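> For the sequence shown, counting from 1, position 8 maps to 8 in UniProt numbering; every step adds exactly one. We put the beta carbon where it would ideally sit given N, CA and C, even for glycine. Because the structure is a prediction, the values reported are computed rather than measured. Take this structure first; my questions come after.
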Amino acid sequence: MSSTRKLNCRICLEEDNETNLISPCECRGSLQFVHARCLQHWFDVMHTRRCQICKTQYELEDCGMKPYTEWTLPQPLSDDWEDQLDFKCALFWLVFMSRITYVVLKLEQLLVFFFFFYFAFVNK
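Shown next as structure tokens:
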């Protein structure tokens with residue numbers, strides 16, 4: 001029977017099985033273990049990819065897309081009115097251009113059908 005040790009994540013300090021924790025840098029002892037999700041959150045908050053303790057540069061693997069259940073809606077960068085305005089303008093532009101693209105593609109289909117009909121039946 002194999003037993004797994006209980007260790008603490010150095011970021012969230014929660015106790016967890018050794019199999020659920022990673023050692024992403026050169027730190028040793030109790031400071032070496034961290035949850036991958038905690039480390040990712042730390043990256044997002046601190047905007048650095050270097051361990052603050054041992055100064056090791058983290059080497060990251062791209063794990064692909066998050067599951068759709070973890071997706072979130074886009075948000076403005078801050079509560080500043082300029083960021084809010086930029087976000088709303090970008091969102092409007094995205095919707096507007098999507099609609100224009102849809103209309104152009106529908107017109108193209110209509111023109112193809114018209115020319116096919118014209119050359120097949122009218123122009124005999």
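1. Which residues share a DSSP beta bridge with GLU15?
2. Using 10 angstroms around the beta-carbon of PHE117, count the other beta-carbons present and answer buried if the total reaches 16, otherwise exposed.
3. To the nearest angstrom, how far is it from the Cα of LYS88 to the Cα of TRP71?
4. CA-CA distance, VAL103 and TRP93?
5. I need the DSSP call for ARG49, collapsed to helix, strand or coil.
6. Could you check what DSSP says for GLN57 in three-state terms: helix, strand or coil?
7. Can you give me the C-alpha to C-alpha distance between LEU105 and VAL122, rounded to a whole angstrom?
8. Give the C-beta separation of ASN8 and PHE43 to the nearest angstrom, bearing in mind that I take them to be a contact with Cβ-Cβ under 8 Å.
9. Buried or exposed: ARG99, going by 16 or more other Cβ atoms within 10 Å of its Cβ?
10. Per DSSP, ILE22 forms a beta bridge with which residues?
11. When you compare only the Cα positions, how much space is there between CYS51 and GLN57?
Let's see:
1. ASN8
2. exposed
3. 20 Å
4. Roughly 15 Å between the two C-alpha positions.
5. Annotated three-state conformation of ARG49 is coil, per DSSP.
6. Note: GLN57 maps to strand in three-state DSSP.
7. Linking LEU105 to VAL122 through their CA atoms gives a straight-line distance of about 25 Å.
8. About 20 Å; that fails the 8 Å criterion.
9. Its Cβ having fewer than 16 others within 10 Å, ARG99 is exposed.
10. VAL34
11. For CYS51 and GLN57, the distance between alpha carbons rounds to 7 Å.
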